[in-house]
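In our numbering, the protein residues as written are 231 to 696.
Every residue gets a Cβ at the ideal spot worked out from N, C-alpha and C, and that includes glycine.
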Ligand SMILES: Cc1ncc(COP(=O)(O)O)c(C=O)c1O
């Protein structure tokens with residue numbers, strides 16, 4: 231019997247988790263270091279501290295299984311938006327013709343945050359540490375604008391300045407996001423811009439260049455290094471960001487326990503990997519410990535930018551202008567400029583090293599979908615559950631729908647949990663183009679990947695030196 235009165239599972243503000251889950255000590259192969267591009271050796275902590283807030287650098291390499299969340303931060307989460315709700319998607323289940331409890335779909339609603347996505351979980355945290363260190367501001371890049379909004383909000387909570395380089399394709403498609411960032415006093419520039427050496431190289435060749443996350447990262451890094459009172463803030467990929475996001479999975483676990491279910495399948499859209507990791511990592515620990523041996527974990531990528539599904543696991547620059555550290559990850563090559571799909575937050579050439587290690591060791595799986603089928607699933611979700619998903623989030627919706635229909639066809643019992651990473655109310659152009667038949671699908675040709683990965687700019691790192 232479906233229990234409607236327990237289908238929106240809420241926790242109290244005092245149930246905000248007390249610690250983050252650090253997966254580094256559990257990984258099946260050791261975490262690879264960040265490499266200094268100047269000498270090809272592991273970057274010393276002083277170098278990383280010149281880029282990121284110091285506390286984040288310590289968290290990046292910590293081997294402690296858990297890291298306490300400062301009480302001041304828990305208080306902010308409690309009074310603003312955490313714990314976020316977990317919903318059983320009864321409307322979607324009905325729409326898919328699922329009856330009873332054999333196939334259950336749950337989603338963790340991170341769109342509930344003030345800026346509409348999971349990004350404030352780490353944005354507020356990084357701003358908190360920057361303030362404690364006595365810094366004046368943070369500089370960053372943003373793809374879809376969700377991260378830039380999150381960081382502008384986080385900085386405004388602590389009276390810090392926030393500078394945002396926004397990928398031009400999104401800057402043009404999403405004027406609403408710019409206004410939201412500016413509402414929190416964030417300063418927003420289209421990237422590539424004329425303001426940095428890294429941006430000018432692209433801007434001067436083509437002032438309409440659509441940009442990429444890789445270029446915007448180079449611009450933000452370069453800008454942050456101009457003053458020792460500023461640091462660079464990153465919204466995905468690195469270990470400490472994934473760590474801050476584990477608040478999502480811990481809450482989801484308690485919420486599912488409250489209604490007496492365990493997930494068989496966990497799903498998340500993957501850009502740099504942070505929302506997916508935030509949901510799955512607390513469960514990965516249980517899978518590795520043998521408590522959830524059959525748990526299937528699936529990351530979803532766009533076919534236009536399939537870093538894991540079609541990339542290679544190798545050393546590469548995190549940014550296009552080769553200014554930042556080199557990391558070992560699944561990558562399409564840092565010179566690769568993805569097509570301007572609407573899921574701007576998924577247009578990144580690489581993948582978080584933690585997610586890459588888990589995929590390489592076959593602990594998690596990855597799939598890819600076309601933009602049209604993704605947006606169509608987003609509309610299905612809006613009609614059945616009421617919230618219009620961000621295009622990034624709609625990738626997870628599409629896979630959850632596919633998995634539910636597969637289970638139905640095979641007469642299997644499945645509990646599916648996916649991360650609803652954000653709403654799409656600033657992404658309406660994607661939906662408009664779908665409705666008018668203008669939305670294009672992009673499939674990344676193998677020759678383009680081969681070309682980017684064969685570039686002489688790809689770094690060669692001798693691992694025997696460390
Ligand atoms: C709503 C939403 N979901 C997902 C992503 C992808 O990023 P990540 O893989 O770090 O979660 C983004 C990135 O901007 C986003 O805005």
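Query	Result
Tell me whether the beta-carbon of residue 653 lies closer than 8 Å to the beta-carbon of residue 609.	no
Which whole-angstrom value is the C-beta distance of residue 471 and residue 465, which I expect to be below 8 Å?	7 Å
How would you call residue 670, buried or exposed, if buried means at least 16 neighbouring beta carbons within 10 angstroms?	exposed
Would you list the residues sitting across from residue 543 in a DSSP beta bridge?	560
Here's the rule I'm using: 16 or more other beta-carbon atoms within 10 Å means buried, otherwise exposed. How should residue 373 be labelled?	buried
Taking 7 Å as the cut-off, is the CB of residue 622 close to at least one heavy atom of ligand 1?	yes
For residue 648, which residues does DSSP report across the bridge?	337, 497
Just the C-alpha distance for residue 625 and residue 358, rounded to the nearest angstrom, thanks.	31 Å
Find out if the Cβ-Cβ distance for the pair residue 539, residue 562 is shorter than 8 Å.	no
By Cβ distance below 8 Å, which residues in the same chain neighbour residue 737 in space, the five residues on each side in sequence not counted?	Only positions 231 to 696 of the chain appear in this structure, which leaves residue 737 out of reach.
In three-state terms, what does DSSP make of residue 294?	coil
Just the C-alpha distance for residue 672 and residue 363, rounded to the nearest angstrom, thanks.	44 Å
What's the call for residue 233, buried or exposed, on a 16-neighbour Cβ count within 10 Å?	exposed
Ordered along the chain, which non-local residues of its own chain (more than five positions away) have a Cβ less than 6 Å from that of residue 526?	495
Going along the chain, which residues of its own chain have a beta-carbon closer than 8 Å to the beta-carbon of residue 302, five neighbours each way excluded?	358
Quick check on the DSSP output: what are the complete alpha helix (DSSP H) runs of length 4 or more inside the stretch 266–327, in order along the chain?	275–281, 284–291, 301–310, 320–325
Looking at C-beta atoms only, is the number of pairs between the stretch 581–590 and the stretch 499–512 that lie closer than 8 Å three or more?	yes
Could you have a look at residue 532 and say whether DSSP puts it in helix, strand or coil?	strand
Can you check whether the CB of residue 390 is closer than 8 Å to the CB of residue 349?	no
Can you find the residues in the same chain that come closer than 7 Å, C-beta to C-beta, to residue 622, ignoring five residues on each side of it along the sequence?	374, 499, 501, 573, 575, 576, 651, 652
Is it the case that the CB of residue 562 approaches a heavy atom of ligand 1 more closely than 7 Å?	no
Considering only heavy atoms of ligand 1, does any lie closer than 7 Å to the CB of residue 608?	no
Whose CA, out of 401, 551, 316, 240, lies closest to the CA of residue 657?	401
Report all residues from its chain with a CB closer than 6 Å to the CB of residue 351; omit the five preceding and five following residues, and keep chain order.	474, 475, 477
State yes or no: is the C-beta of residue 660 within less than 8 Å of the C-beta of residue 605?	yes
Quick check: what's the CA-CA separation for residue 321 versus residue 237?	11 Å
Do the stretch 510–519 and the stretch 250–257 meet, that is, are 3 or more Cβ pairs less than 8 Å apart?	yes
Rounded to the nearest angstrom, what separates residue 602 and residue 447 at their Cα positions?	28 Å
Quick one: what's residue 368 bridged to in DSSP?	392, 461
Does at least one heavy atom of ligand 1 sit under 7 Å from the Cβ of residue 376?	yes
Just verifying my parser: in three-state terms, what is the DSSP assignment at residue 411?	helix
What are the boundary residues of the alpha helix (DSSP H) that residue 484 is part of?	469–488
Ligand 1 and residue 505: does any heavy atom of the ligand fall closer than 7 Å to the residue's C-beta?	yes
Expressed to the nearest angstrom, what Euclidean distance is found between the alpha-carbon atoms of residue 406 and residue 365?	29 Å
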